[in-house]
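Below you'll find the structure, written out as structure tokens, and then a few comments.
Numbering (the numbering used here), first residue to last: -9 to 283.
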């Protein structure tokens, strides 16, 4: 049975003569090494990469700081990897150039932290206009800092802020809407979309998707999704749909809907409002997508 509301776009086609190149490559740039050289925040980019693969893209590439990459690839064995040098600017630039050229969509920010490397990564990917970008987490916090320096983006971009990230982005743009007020959420999302010439996914209960001219509100979902890692899964879903040649606004809307239905399905199966692991959400994506075909 098709459970896709009529106002949502169809899923990307799956022709029988396709190969992995048909369905695009998603690059996930994330992960952070702590100041004390302990490994941390490996899980977020792995979740985004796993979600992208589960959503049907042909290839996934993990692009992580060099000390983290082997650990990341051991957790996401279907991905290939590119190492970001923590120290060598020229090496890092070569890696980013290769990622931009090789990938059909980039998910930037899961677990990446706020540091010099992140500033370089975000500045580089928003300056290019070849590959669409899904910007999340500390990628958004870094963008907020760059906006304060009058930096503008050339990239086709989806941003996925929660209320706190929204406030940090809105402040340098003099946008005063309150994203926590249900009556203001649509205007809040669209004002930011217009200011940044991008698609905004304003996360929360009844997530709002907006571009400069259109808005859509998701009426589905479940409180079980209010746990760590589910936002990384959402970014991976949206990035995968973009890599499969969906336009950014429709990829964001359909991605939010898939994510919401996966949460509902987990809650129904487990008869629970809490306890969801983000990895379990990834595993439900193919079933939910099949129900939408």
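Glycine is no exception: its CB is placed at the ideal position from the N, C-alpha and C atoms. Remember, predicted model here, so these are calculated numbers, not experimental data.
Requested in this report: Count the other C-beta atoms from every protein chain shown that fall within 10 angstroms of the C-beta of residue 14, then say buried if there are 16 or more, exposed otherwise.
Outcome: buried
Requested in this report: Have a look at residue 115 and residue 190 and give me their C-alpha separation to the nearest angstrom.
Outcome: 17 Å
Query raised in the report: Are the stretch 166 to 185 and the stretch 211 to 220 touching by the rule of at least three beta carbon pairs closer than 8 Å?
Result: no
Query - Buried or exposed (CB count within 10 angstroms, at least 16 for buried), residue 230 - result: buried
Query raised in the report: If you count every other CB in all the chains shown that lies within 10 Å of the CB of residue 247, and 16 or more means buried, which is it?
Result: buried
**Report entry** Inter-residue CB distance, residue 124 and residue 95 (contact presumed, cutoff 8 Å)
**Finding:** 7 Å
Requested in this report: Using a Cβ cut-off of 7 Å (strictly closer), state whether residue 132 contacts chain B.
Outcome: Of the protein chains in this structure there is only one, and it is not chain B.
Report task. State the beta-bridge partners of residue 147 as determined by DSSP. Result -> 123
Query raised in the report: Out of curiosity, what's the CA-to-CA distance linking residue 40 and residue 197?
Result: Within the model, the alpha-carbon separation for residue 40 versus residue 197 is close to 22 Å.
Query raised in the report: How about residue 283 and residue 1: are their beta carbons less than 7 Å apart?
Result: yes
Requested in this report: Could you work out which residue in 227, 127, 206 is closest to residue -2 when comparing CA atoms only?
Outcome: 206
Query raised in the report: Any contact of the stretch 6 to 22 with the stretch 89 to 109, i.e. 3+ C-beta pairs under 8 Å?
Result: Enough Cβ pairs lie closer than 8 Å, so yes.
Query raised in the report: Just the Cα atoms here: how many angstroms apart are residue 107 and residue 150?
Result: 21 Å
Requested in this report: Would you tell me roughly how many angstroms separate the C-alpha atoms of residue 103 and residue 194, rounded to the nearest one?
Outcome: 22 Å
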